[in-house]
Every structure is written in C-alpha cells, then in structure tokens.
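Engineer:
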Amino acid sequence: MGMSAKRLREVLLFVCSVEFWRMAVLWSIALITSYFQLLLQSLHIQKSYSYPRRSPETSAFRPVCIITGATSGLGAAAARALSKESFTIVLVGRTPDALSKNDGDKLHRGFLLDPAFIASSHQQPCAFKDCECYIVYASNWLTGKLWKSPDDGVRSIIDAALAPPEALGVYFFSGNGRTINSSPFSYNAKLASELWSASCDLFTELELAYKES
Numbered sequence: 002m003g004m005s006a007k008r009l010r011e012v013l014l015f016v017c018s019v020e021f022w023r024m025a026v027l028w029s030i031a032l033i034t035s036y037f038q039l040l041l042q043s044l045h046i047q048k049s050y051s052y053p054r055r056s057p058e059t060s061a062f063r064p065v066c067i068i069t070g071a072t073s074g075l076g077a078a079a080a081r082a083l084s085k086e087s088f089t090i091v092l093v094g095r096t097p098d099a100l101s102k103n104d105g106d107k108l109h110r111g112f113l114l115d116p117a118f119i120a121s122s123h124q125q126p127c128a129f130k131d132c133e134c135y136i137v138y139a140s141n142w143l144t145g146k147l148w149k150s151p152d153d154g155v156r157s158i159i160d161a162a163l164a165p166p167e168a169l170g171v172y173f174f175s176g177n178g179r180t181i182n183s184s185p186f187s188y189n190a191k192l193a194s195e196l197w198s199a200s201c202d203l204f205t206e207l208e209l210a211y212k213e214s
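Just so we're aligned: 43 in the numbering used here is position 42 of the sequence shown, and the numbers increase by one with no gaps anywhere.
1. Rounded C-beta distance between residue 71 and residue 92? I'm assuming under 8 angstroms.
2. Can you confirm whether the stretch 38-54 touches the stretch 62-69 when touching is taken to mean that 3 or more C-beta pairs between the two stretches lie within less than 8 angstroms?
3. Measuring CB to CB, does residue 82 end up less than 8 angstroms from residue 16?
4. Just to check my reading of the structure: residue 183 and residue 171 have Cβ atoms closer than 8 angstroms, yes? What is that Cβ distance to the nearest angstrom?
5. Would you report the Cα separation of residue 211 and residue 94, rounded to the nearest angstrom?
6. Using three-state DSSP, classify residue 205 as helix, strand or coil.
7. Measuring only the C-alpha atoms, how far is residue 214 from residue 208?
8. For residue 175, count the other beta carbons within 10 Å of its own beta carbon; 16 or more makes it buried, fewer makes it exposed. Which is it?
9. To the nearest angstrom, report how far apart residue 11 and residue 18 are at their CA atoms.
10. Please return the same chain residues whose Cβ sits closer than 6 angstroms to the Cβ of residue 152, not counting the five positions on each side in sequence.
11. DSSP three-state label for residue 69, please.
12. Is it the case that the Cβ atoms of residue 177 and residue 51 are separated by a distance below 8 angstroms?
Structure, rendered in structure tokens:
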C-alpha cells in the first residue's frame with residue numbers, strides 16, 4: 002500500500018528528530034563501541050580493569066534499596082540481584098499481583114502507585130507508535146544481537162552500585178566488575194558539582210512540596 006504524503010512527512014520528521022538519532026543511531030554506535038573495547042581487552046591490546054563488589058554484610062546496618070518499576074525488566078532483575086547481596090528491598094509497582102511475584106524472603110512487600118497516575122500513563126503514546134515499522138525493525142536489527150537479558154544487563158548496575166570508593170568515573174560494562182574507557186565528562190569535577198547541586202535543589206523542592214501537602 003502506498004504511503005500518503007502526510008504519512009511520508011511524519012516519517013521523515015521522525016527520522017530527522019533528535020530522539021531518533023540519539024536512541025537509534027548514537028546509542029547503537031556507543032553500544033557497538035563498548036563491545037569493541039571488550040574485544041580489545043580480551044586480545045590484550047587494551048588494558049582491562051575490574052573492581053570487586055563491596056559486601057553490605059560488613060555494615061552495621063542492613064542497607065535498604067527502593068526499586069521503582071520492580072515488576073518486570075531491569076527493576077525485577079535488580080530486586081533479585083540485590084536481595085542476594087543482603088539488601089532489604091522495597092518494591093514499587095502498579096499492581097499487587099505483579100509485586101507478589103517478586104516478593105521473597107528478603108523482599109518487603111512494595112507500594113502501589115497512584116491509580117490516577119496509572120490511568121494517565123496508559124494514555125502516553127509509545128515513541129514508535131506512529132512511525133513505520135521498518136524503521137523500528139532496522140534499529141532492532143542493528144543492535145538486537147548485542148542485547149542482553151535483564152538479569153545479565155543488571156549486573157553492571159549492581160557492580161557500579163557496590164563499587165569501592167576508588168572506582169570513580171569508570172564505566173562498568175558487561176558484568177563481573179569489568180570496566181571500559183568512559184567519557185571525559187565522567188572526570189569533569191565542575192560538571193559533577195553542578196549535577197550534585199541540581200540534584201540537591203530538586204530534592205529540597207520535593208521535600209518542601211511534600212511537607213506543604
């Protein structure tokens with residue numbers, strides 16, 4: 002079936018959008034580059050660095066981790082992984098049934114989101130809903146072979162969360178404490194200070210709004 006002029010214009014606008022280039026092109030290039038660095042490390046062409054995880058069991062208090070979106074994907078995988086690391090997990094999800102499936106001996110029963118928020122979230126359009134399917138297929142074809150399962154993908158997140166203090170500005174990738182060269186922005190002290198200040202200001206605003214409500 003032929004594509005109408007309006008439809009063609011929408012597709013071209015989407016392909017030229019910042020969102021498409023950031024997620025479908027630049028992100029794919031970054032992912033391929035990261036795996037290429039791992040290949041160079043395996044061939045001993047590039048130095049490899051790995052860091053062990055710090056054990057929370059050495060702390061006087063059992064650490065608590067709040068996980069949103071804990072009913073599927075990376076959220077559920079993070080809950081399972083951190084529970085094995087002796088964390089107390091607080092799950093946040095949309096339905097009690099989905100939360101109960103992830104609830105174990107070391108997991109607290111989670112909190113449900115506001116039903117009004119859930120209703121509005123279903124009205125949010127998918128980023129790829131109105132674009133041609135072949136654009137999505139092309140993006141998936143480029144990087145699909147490199148995707149990992151949530152349980153594999155979350156390992157790098159846990160590595161970063163439990164990294165020792167000396168592991169500053171490093172990029173954990175592919176689990177087992179492995180790291181690859183990160184962006185120079187990771188070592189930019191001025192940018193780090195600005196981000197920290199912005200985070201503190203945002204937290205203060207939310208705290209004040211909560212007290213006033």
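Just so it is clear, CB atoms sit at the ideal spot from N, CA and C, and this is done for glycine as well.
Structural biologist: To lay it out plainly:
1. Their Cβ separation, rounded to whole angstroms, is 4 angstroms, which keeps residue 71 and residue 92 in contact under 8 angstroms.
2. Per the Cβ contact rule, the stretch 62-69 is not in contact with the stretch 38-54 (fewer than 3 Cβ pairs under 8 angstroms).
3. Not in contact: residue 82 and residue 16 (Cβ atoms no closer than 8 angstroms).
4. Indeed they touch by this definition, with Cβ atoms about 6 angstroms apart.
5. So the two alpha carbons sit approximately 21 angstroms from each other.
6. Residue 205: helix per DSSP, three-state reduction.
7. When the Cα atoms are used, residue 214 and residue 208 turn out to be separated by approximately 10 angstroms.
8. Flag for residue 175 reads buried.
9. Residue 11 and residue 18 have their C-alpha atoms spaced approximately 10 angstroms apart.
10. Only 78 meet the Cβ criterion.
11. The answer is strand: DSSP assigns residue 69 an E or B state.
12. Yes, they are a contact pair.
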